[in-house]
Ligand SMILES: NC(=O)c1ccc[n+]([C@@H]2O[C@H](COP(=O)([O-])OP(=O)(O)OC[C@H]3O[C@@H](n4cnc5c(N)ncnc54)[C@H](OP(=O)(O)O)[C@@H]3O)[C@@H](O)[C@H]2O)c1
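In this note's numbering, the protein residues as written are 310 to 589.
So, in structure tokens, the structure goes:
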């Protein structure tokens, strides 16, 4: 894929965090951006900030899990710009809690957003990219797609699934000139923690014997916080993935994410289990 100028890039989850930073970074590099998220006020304000004339950006408010909203998104992009050069599948959230206690309905809901709806949107975009003979898809995975932790394995399993989908898709789309990349962020300071708190509220309230371990889980986050990256660190990786003539299959950042992935590769499961064990 050539320089970003004039490329049409569709970014899901553009109302905060990594998606917002990605839209901002790519928009400033001259890309034409289609912003998607549920919070209309936020994406409209960002679209206006990036281009007050409204010629180079469009905000489409909708829920990724809604089939009609996904269709509206792709239709709006094509109506406005006539093509889609890149799709950044970023929208997602986390669910916490011990597997025993998380209602299956909440697990389904997390997969619905992070995996099934992402796939469904990708299915709508790929025919357009194939017709163009080029395109790039960047999926925002996580270090949690390689390392599952107690009290987090619902979310972690959605990101594990995304790893497999992304790797398979990369091989399927290569003959058509479409590149597929997975980005694995570590801890990034965004609204992710607050959104996971909201999604997991009922699980935390009914955690029973696991209740004491939530404190340890949160302390783990706090310990890592000094090493956390910014949303723009990941936006920078998205830019790399979109502009490299031969992008890598996977990118990771910031540095602690690379270190965790290296340790996961090097160390036996028993040692990893010890690092991520439940703590009160
Ligand atoms: N922050 C981290 O430490 C971290 C680490 C690894 C991976 N990630 C991944 O990075 C991605 C972005 O997360 P973030 O950290 O930037 O968190 P965030 O600040 O909470 O942003 C999440 C974005 O996803 C959107 N979203 C969620 N559900 C949606 C739905 N059903 N329909 C449409 N949009 C939806 C939200 O917009 P609305 O609420 O307005 O719809 C928001 O724009 C996620 O896939 C996350 O799993 C984050």
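Beta carbons: idealized from backbone N, C-alpha and C, even for Gly.
Proximity test, residue i beta-carbon vs ligand 1 heavy atom, cut-off 6 Å
i           : result
residue 466 : no
residue 400 : yes
residue 416 : no
residue 436 : no
Per-residue DSSP class, three states only, for residue i
i           : result
residue 400 : coil
residue 319 : strand
residue 436 : helix
residue 257 : In the structure as shown, the chain starts at 310 and stops at 589, and residue 257 therefore has no counterpart that could be examined.
residue 423 : helix
residue 497 : strand
residue 454 : helix
residue 395 : strand
First through last residue of the alpha helix (DSSP H) which encompasses residue i
i           : result
residue 529 : 520-533
residue 409 : Neither: residue 409 is in no alpha helix (DSSP H) and is coded neither H nor E.
Under 7 Å between C-beta atoms of residue i and residue j
i           : j           : result
residue 504 : residue 404 : no
residue 463 : residue 495 : no
residue 454 : residue 471 : yes
residue 415 : residue 522 : no
residue 343 : residue 331 : no
residue 326 : residue 516 : no
Residue i to residue j span [Cα, whole Å]
i           : j           : result
residue 485 : residue 571 : 32 Å
residue 386 : residue 346 : 14 Å
residue 488 : residue 589 : 44 Å
Residue interval of the beta strand (DSSP E) (run including residue i)
i           : result
residue 345 : 341-346
residue 649 : Given a span of 310 to 589 for the chain in the structure shown, any question on residue 649 remains unanswerable.
residue 447 : 444-449
residue 480 : Taken as a continuous stretch (DSSP letters only), residue 480 belongs to no beta strand (DSSP E), being part of the alpha helix (DSSP H) at 462-482.
residue 561 : 559-562
Min CB distance residue i to chain D below 7 Å
i           : result
residue 566 : The structure shown contains no chain D, having only a single protein chain.
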